[in-house]
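For the record, the sequence lines run as chains L, C and S.
Note that this note's numbering numbers the first sequence so that position 115 is 115, with each residue one more than the last.
Note that this note's numbering numbers the second sequence so that position 218 is 1218, with each residue one more than the last.
Note that this note's numbering numbers the third sequence so that position 22 is 2022, with each residue one more than the last.
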Amino acid sequence: MQAKRNLEAPVGTTSRAGSLTSTAIERLKQSTALYTFQGVIIAAIILLPFLTDSNYLITMATFMGMYAMLAIGLNLVLGNAGQISLGQGAFFGIGAYTYAILTKDHFPFWFAYLASPILAAIAGFVVGYIALRLRGHYFAMATLAFALIMHRLFHVLPITGASLGLYDIPLPAFLATTKGTMADPLRFYYFVWLIAALVAVFTANVVRHRVGRALSALREDEVAAAMLGINVAKYKIEVFVISAIYSSIAGSLFAGYSGLISSSAFHLDRSMDILLMVVIGGLGSVFGSILGAILWTILPEIFRMFESLQGLEPYRLVTFGIMIILIVILWPGGAAGALRGLAEKWDRSRSGANASGVKGSNDTA
Amino acid sequence: MLRSIKSRSSAILGIVVIVALLAGCAQAVTSTPTAAPKTAATAPAGPAPTKAGEATKPAAASPTPAPAAAKPAAPTGTPYKIGGNLMLSVTGGTAIGQDYKAGMDSATEMINAAGGINGRPIQVVYYDNENSQDKALQLAKKMIQEDKILGMVTDRTAQALALGPLVEESGVVLINATGGYDATKGKKWVFQNVPREEIESDVLSEHLKNNLKVKSFALIHDENQYGTTGAKIHEEVAAKKGLKVTANIAYNNNSPDLSTEVTRAKASGAEALVIWGIPPGPANIAKAARNMGWNVPLVGSVATANPVLIDLAGKAVDGMTFTAWFDTQNPDKNDKPFVDAYKKKFNKTPGIFAALGWDSVLLLAEGIKKGGDDRAKVRDALENLKGFVGVVGEYNMSPTEHNGLTAESILLTQIKDGKWTVFKQTR
Amino acid sequence: MSGLTIGPAEVIQFTIGGLTNGAIYALVALGLHIIFKATRVLNFVQGEQVVIGGLLALTVSTTLHAPIFLAFVAAMIIGGAIGYAFERIAIRPAYRLGELATIMVTIGGFVVFKNGHQLIWGKESIPFPDFAFDFPFSLATPAFQGFAEAFLKATGAGFNPFAIWVILLSILGVVAVHLFFQKTLFGKAMRAVADNTKASELMGIDSTQVTAVAFAMSAALAAAAGILGGPLLNAGGSYGIEIAVKGFSGAIVGGFGSSLGSVAGGFIVGIIEALSGGLISSSYKDAISFGIMLLVLLVRPSGIFGEKEVRRS
């Protein structure tokens, strides 16, 4: 229960609200409906395999879990440190290729699962150390350059299998089918979401208790934060490294699950997609990142899931683009912000007029 | 004022989204769990009755005879389904996935017009995998489980390699209708209908040596997987034949000017230039070579020989020779049904990707004819297929050979005065 | 590969190729610069607007049988109008939500435009006429033929006649844009808005109009790039994002904040690419040119020619 509560950590509330007590009261007031929403999503994730036997949906939901990790990572950088990173796809790739290269070379699986995040952390530290000296757009551009270079290297280096990529990537026995050549759908599904949940809980706690406040302060006013003795650069790098680690974990899962990786999976599109997930989900909220990953995966698939919409298949991607624009404009707080707004409205109507003055930080829906 | 307009228009947009989503949700409640026909390639009980008479000819000419060849009845009953796991929304200058679909559509139509298979129609379920392996994997599962397909066709080797373990474990035939890499190796359920690169390289090397009388050549290839693997194999094969490969250079199909790559090839002192790629790149390469006054013979791999090449490069490709599987201008009796059906349906000359789509459907239809609704029997039938002639060539499969195409299937063609002609039959 | 002899002729040839590509990148970079200057936004739609420009010109010239130069102008106008409309409909509501939201809208726009032009014009590249020999671009004159031959003889390097137009017209476009900013009232207003939006609004400049015009101008330049690149890239297809990325690196190398800088950057990227592809390896040429872009960002974030405006934390 503690974990679930932490998932919804509206970052910035503490620094904005006048006093801690009023914030606590506010949160208690708005909690019921919001927790119901979150509970429904969490229950849906846990119960999905019992609700459907569609391998298609389970597979989609498995990738969703990996995307959720990517989104949570980027959300730390974007929502908390206020930096646009276009390099997440590259860290995703570093994780995937490290895992694939090591396991294909018969290194033990635990070693591959450990080496991926370590290597990504080193890369993240180097890129972060250099690029975080730059502000605003120049940081975005530096990460863009990094992503482009990494994609080219994945595409041409012999060790990454060049343009063919790497295939027949092994899996640990407990995640594979009895034949051992592919991932067991259910076990992998729960494994991915277990890791995603750990990532989410860890993030919520890190955000709440450690770098969270410092970072929110620095997002509000970097100079003031620096004057308060907060080591801005150190926190920013820390957050960037954490995001690289999350991305690489998702990458190592991705490599094992798909069995083949090639450079096209780690192109600029991937980084752009992760950015979209974070924004449509909701900045600064872990729960929002999960929602974002879910929405991003489901929206373009709607046309395939329901027969009546199949005639619109050719317009699928155009419609998806329009939906993105609409969501960005209409839900500036993302899906999480919209839900929070809905929840508040619902709570307010139940508790009468005494909550009239209270408004959430991202309420716009 | 402005603000009120803004908020009103946002409200309208919001309503549109909500309605769209609600429509989706409402549908979720009503849709039945059983898989119903998806994007139907052809209406199952379509226009067959009226065209039944005319349809005899292609049926007889094609290796898929209708049950009663004289008077094919309209196919009835549940269609046999096969899946097209294609990159329909991705383009790289040549709309590869769409070409496959066009070829598959033509084949399906022809088979159904000729009475279907065992009296039942055949239907292709297409999904757009956006050239992403995550989508390809999840859509393959959808086809296998929900659409209950009897076989699947994919248009990219990377996808075939990613789907290999899945089809092996689920027991569904996968036809990798692309070249660049042998995806059938060690696989029980994977077939491929592109002659191996070694075979094509062999023919090309002989052509360079005996017909063009050159001792060395430079190789320019698309940096994608098709070009890279093909060029690597070609370099090895040619070296064994005593030809000197003076340069092996990658190009990017999306670069505007490719004169840098051509200059490097020219500077290597080659006597010929071999291009391994898919238009539009080869067109720019040919033009750049001619503009810098480099007039060595140009030779293209099979994917280079796309009809659009002449439109793109004009005079620069005149005299260029290619490996090919069929002659678009004067198809022989095996290829004619395909070329005619495609021309009639789409009003343009078919390229090799359409041919691969066509052959994939014919192969699966052949398997289904013997195996019916049993996936394992379809596989067995395919594996024992002998002497089956498609557009690409004659397939002779066996348990150890899931490709079955030989050098016999490869022609040499040439562009002469802006038209495709047969250069010379090899061997 | 042994036996590769790279001499002055080859280097000249590489440079010509680099300048041709660079001219196209420069136009894209200039468009990105204009939008960045006016709105501080990275515009991801730019590449697709290049593709759409080429398609529009082709459609105008084939359906209306219009001469190519008319199609050229028409495509720039229609392309500009699309850019203007995109700003009004989609970008404007996002401004108040901040830069991130605006960038997200351009990413959404990228998805819409990319798939939209494929829906309208199909997914196949359409051959684009090589208009180097059409009025008024005709180079089929004895003087030019003589020049081309003499050039080939003297340097050992040949060139696509068309490349001359690509380079000349893009330089012309750049000069025109530069003069617009320096000499016209509206151009000055745009610069004022870019430097200080609030102050310029106080002085009575309509900043919303300025940003919309910036998008229109940038889209028109993108259309020009699509037409000039047409004979090389053909019309339609999926090259948009690749061209946009090259434009980005050009603008970064030269200086996102400076119009002449971003243009010079486009040419520099083109030449670096050609030289590294020619002298080192074409597989690594992109990695090298992106590496140089990263290096420039680290050493001089405002670009080689940009004024220093980046505050470091």
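Glycine residues also receive a C-beta, built at the ideal position from the N, C-alpha and C atoms.
Continuous beta strand (DSSP E) stretch holding residue i: start and end
{"i": "THR1323(C)", "result": "1321-1324"}
{"i": "ALA1247(C)", "result": "1244-1251"}
{"i": "HIS1221(C)", "result": "1216-1222"}
{"i": "GLY1151(C)", "result": "1151-1154"}
Chain-order list of residues whose beta-carbon lies under 7 Å from that of residue i (same chain, five-residue window excluded)
{"i": "ARG1196(C)", "result": "ASP1182 and ASN1403"}
{"i": "ALA1265(C)", "result": "ALA1218, ILE1220, ALA1247, ILE1249 and LEU1273"}
{"i": "ALA336(L)", "result": "GLY281, GLY282, SER285, PHE287, GLY288 and LEU291"}
{"i": "ALA1011(C)", "result": "Because ALA1011(C) carries a pLDDT of 44, less than 50, the predicted location of this residue cannot be relied on, and the following value inherits that uncertainty. Nothing listed; no residue qualifies."}
{"i": "ASP1222(C)", "result": "TYR1251, ASN1253, TRP1276, GLY1277, ILE1278 and GLY1281"}
{"i": "ALA68(L)", "result": "ALA196, SER289, ILE290 and ALA293"}
Limits of the alpha helix (DSSP H) - the one that residue i falls within
{"i": "ASP269(L)", "result": "268-281"}
{"i": "GLN2182(S)", "result": "2161-2183"}
{"i": "ASP1128(C)", "result": "Unbroken run through ASP1128(C) is the beta strand (DSSP E), 1122-1128; no alpha helix (DSSP H)."}
{"i": "GLY1186(C)", "result": "Run containing GLY1186(C): none; DSSP gives neither H nor E here."}
{"i": "LYS2198(S)", "result": "2197-2202"}
{"i": "LEU182(L)", "result": "At residue 182(L) the sequence reads Met, which differs from the Leu that was named. Element bounds for MET182(L): n/a, residue is neither H nor E."}
{"i": "GLY2022(S)", "result": "2008-2039"}
{"i": "GLN1138(C)", "result": "1133-1145"}
{"i": "ASN2115(S)", "result": "2099-2121"}
8 Å Cβ cut-off: residues of chain S touching residue i
{"i": "ARG152(L)", "result": "TYR2284, ASP2286, ALA2287 and PHE2290"}
{"i": "ILE274(L)", "result": "Those do not exist, as ILE274(L) stays about 11 Å from chain S at its closest Cβ, beyond 8 Å."}
{"i": "PHE146(L)", "result": "LEU2294"}
{"i": "LEU149(L)", "result": "At residue 149(L) the sequence reads Ile, which differs from the Leu that was named. Those are ALA2287, PHE2290, GLY2291 and LEU2294, listed as they occur along chain S."}
{"i": "PRO314(L)", "result": "LEU2119"}
Neighbourhood of residue i by C-beta distance below 8 Å, restricted to the same chain and skipping five residues each side
{"i": "TYR1184(C)", "result": "Reading off the sequence, residue 1184(C) comes out as Thr, not Tyr. Around THR1184(C): ASN1176, VAL1190, PHE1191, GLN1192, HIS1402 and ASN1403."}
{"i": "PHE2290(S)", "result": "SER2249"}
{"i": "ARG1379(C)", "result": "GLY1171, VAL1173, LYS1188, TRP1189, GLY1367 and GLY1371"}
{"i": "PRO1399(C)", "result": "GLU1383"}
{"i": "GLY2257(S)", "result": "HIS2033, PHE2036, LYS2037, SER2302, GLY2303, GLY2306, GLU2307 and GLU2309"}
{"i": "THR2015(S)", "result": "ILE2271, ALA2274 and LEU2275"}
Per-residue contacts from residue i into chain L (C-beta, under 7 Å)
{"i": "LYS1142(C)", "result": "TYR56"}
{"i": "ASN2115(S)", "result": "LEU317, VAL318 and GLY321"}
Beta-bridge pairing of residue i - partner residues as DSSP gives them
{"i": "TRP1420(C)", "result": "ILE1415(C)"}
{"i": "ILE366(L)", "result": "Outside the modelled stretch of chain L, which goes from 1 to 365, sits residue 366(L), for which no answer is possible."}
{"i": "GLN1192(C)", "result": "ASN1176(C)"}
{"i": "VAL1274(C)", "result": "LEU1219(C) and VAL1299(C)"}
{"i": "LYS1081(C)", "result": "GLN1123(C)"}
{"i": "TYR1395(C)", "result": "PHE1388(C)"}
{"i": "ALA2235(S)", "result": "ILE2126(S)"}
Proximal residues of chain L, C-beta to C-beta of residue i below 9 Å
{"i": "LEU2279(S)", "result": "Residues of chain L passing the Cβ test: none, with the nearest at roughly 17 Å."}
{"i": "ILE2314(S)", "result": "Nothing about residue 2314(S) can be read from this structure; chain S reaches only from 2001 to 2313."}
{"i": "GLY2108(S)", "result": "LEU276, PHE320, GLY321, ILE322, MET323, ILE324, ILE325, LEU326, ILE327 and VAL328"}
{"i": "VAL2269(S)", "result": "Here the premise fails: no neighbours, minimum Cβ distance about 12 Å."}
{"i": "LEU2298(S)", "result": "ILE130, ALA131, ARG133, LEU134 and ALA142"}
{"i": "PRO2161(S)", "result": "What PRO2161(S) touches in chain L: nothing, since even the nearest Cβ is about 32 Å away."}
Any non-hydrogen atom of the ligand GTP closer than 8 Å to residue i Cβ
{"i": "LYS179(L)", "result": "The ligand GTP is not part of the structure shown, which contains no ligands of any sort."}
Cβ-based neighbour list, residue i, same chain, cut-off 6 Å, excluding 5 preceding and 5 following
{"i": "ALA2222(S)", "result": "GLY2031, GLN2046, GLN2049, VAL2050 and GLY2053"}
{"i": "LYS1057(C)", "result": "Residue placement at LYS1057(C) is poorly supported in this model, since its pLDDT is 34, which falls under 50; the coordinates still yield a value, given next. Cβ within range, chain order: n/a, list empty."}
{"i": "GLY79(L)", "result": "LEU283 and GLY284"}
{"i": "ALA1043(C)", "result": "Any reading at ALA1043(C) must be qualified, since the residue scores a pLDDT of 37, below 50, and its modelled position is unreliable; no value is offered."}
Contacts that residue i makes with chain C (C-beta to C-beta distance below 9 Å)
{"i": "LEU427(L)", "result": "Look at the range of chain L in this structure, 1 to 365, and you will see that residue 427(L) is not part of it."}
Within chain S, the residues that residue i reaches when beta carbons sit closer than 7 Å
{"i": "VAL239(L)", "result": "Per Cβ cutoff of 7 Å: no residues; VAL239(L) is ~14 Å from chain S at best."}
### Message
For the segment 1173-1201 of chain C, list every residue whose C-beta sits within 7 Å of some C-beta in chain S, in sequence order.
### Response
Cβ contacts with chain S: none found.
### Task
With 8 Å as the C-beta to C-beta threshold (strictly closer), list the residues of the segment 79-97 of chain L near chain C in chain order.
Cβ contacts with chain C: none found.
### Task
Could you run through the segment 1231-1258 of chain C and flag, in chain order, every residue whose CB is less than 9 Å away from some CB of chain S?
Here the close residues are LYS1244, VAL1245, THR1246, ALA1247, ASN1248, ILE1249, ALA1250, TYR1251, ASN1252, ASN1253, ASN1254, SER1255, PRO1256, ASP1257 and LEU1258.
### Query
Any residues in the segment 45-69 of chain L with a beta carbon nearer than 7 Å to a beta carbon of chain C? Which ones, in chain order?
Residues passing the 7 Å Cβ filter: SER54, ASN55, TYR56, THR59, MET60 and PHE63.
### Near-chain S residues of the segment 1312-1329 of chain C - C-beta to any C-beta below 7 Å
Within the segment 1312-1329 of chain C, contact with chain S at the beta-carbon level (separation under 7 Å) is assigned to LEU1312.
### Task
Scan the segment 157-187 of chain L for residues whose Cβ lies nearer than 7 Å to a Cβ of chain C and list them as they occur along the chain.
Residues are counted here when their Cβ sits less than 7 Å from a Cβ of chain C; for the segment 157-187 of chain L these are ALA162, SER163, LEU164, GLY165, TYR167, THR177, LYS179, THR181 and MET182, given in chain order.
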